[in-house]
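*Asks:*
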Amino acid sequence: AVIVYYISWDIEFTSQGERFLFSVFHAISAFCNAGFSLFTNSLADAQNATNWPINIITMVLIVLGGLGFTVVWELIQHRKKQKIWRRHLSIHTRVVLVTTGILVVAGAGLILVLEWDKTLSGYSISDKFLLSLFQSITTRTAGFNTLDIGVLGIPALLGMLILMLIGGSPASTAGGIKTTTFAVLVRSMTMTIRGYSRMEVFKRTIPSSVIFRAMTVILLAVSCISISTILLTIVEDHAFVDLLFEEVSA
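Structural data, given as structure tokens:
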């Protein structure tokens with residue numbers, strides 16, 4: 095990752111040492127889902143926003159860091175043993191992979207549609223897809239940005255709020271309520287609506303205690319965010335959406 099960063103920067107550095115330092119820093123920051131950048135405007139400048147190698151390696155590192163170490167380790171072990179992933183992966187890993195994939199695609203599609211003629215209007219079609227995909231991935235678990243968040247529309251911001259609330263997966267470097275918690279809640283709701291008395295995922299029954307824990311986590315998260323946002327509206331003179339965005343991202 096450091097090598098890819100090093101050879102892909104389109105920015106002029108004062109020395110090769112500085113170029114190497116920036117490469118190491120951003121590689122670690124991306125994998126740890128920290129979102130810290132040594133550039134004043136993250137990766138939203140003209141040289142980085144549409145730099146495909148920089149965007150791709152950053153997205154890969156963010157996703158790997160957000161999957162969780164147990165998932166990554168299981169994928170490596172199964173790859174070594176040349177097993178059929180779909181049949182031998184644990185329920186946890188399958189839920190994480192499927193949920194992560196759905197959230198990434200749904201988030202990218204939402205941003206692409208809502209900002210096509212707005213924030214993304216000045217970019218080529220391929221760059222629009224790249225920017226939307228990057229923003230979907232980084233919003234949920236990291237914190238980098240290749241788009242100016244301040245000019246995004248309210249619908250896009252609300253969608254990003256949901257992604258930030260969900261966050262990454264258990265045993266990962268990301269925050270949020272976790273993808274597994276979100277998956278359990280959604281699956282529980284769909285099974286209840288369809289009239290099932292028990293919840294199943296990949297033909298495995300999920301204990302009621304797991305469902306209750308998932309609901310408790312979500313309730314606590316929403317309650318904490320609500321109370322904190324109300325307090326912020328009292329002491330800060332900013333738009334409600336801006337305060338809510340800052341609170342959820344924190």
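Using my numbering, the letters of the sequence shown correspond one by one to residues 95 to 344. Cβ atoms here follow ideal geometry from the backbone N, Cα and C, with glycine treated the same way.
1. What's the gap between the Cα of I122 and the Cα of T235?
2. Is DSSP giving I271 helix, strand or coil here?
3. Tell me whether E341 sits in a helix, a strand or coil according to DSSP, three-state version.
4. From T267 to Y217, what distance separates their C-alpha atoms?
5. Mapping DSSP to helix, strand and coil, what is T134?
6. If we ignore side chains and look at the alpha-carbon of each, how far apart do I243 and S131 end up?
7. For a test of the three-state rule: what should DSSP assign to E330, helix, strand or coil?
8. Which residue marks the beginning of the beta strand (DSSP E) containing I243, and which one marks its end?
9. Under DSSP, the beta strand (DSSP E) around T187 begins and ends at which residues?
10. Could you check whether E340 and I319 sit closer than 8 Å to each other, using their CB atoms as the reference points?
*Replies:* This is what the structure gives:
1. Taking the straight line from one Cα to the other gives about 14 Å.
2. coil
3. helix
4. 32 Å
5. coil
6. 15 Å
7. coil
8. Element bounds for I243: n/a, residue is neither H nor E.
9. T187 -> not in any beta strand (DSSP E); alpha helix (DSSP H) instead, spanning 185-209.
10. In this structure, E340 does not lie closer than 8 Å to I319 by Cβ.
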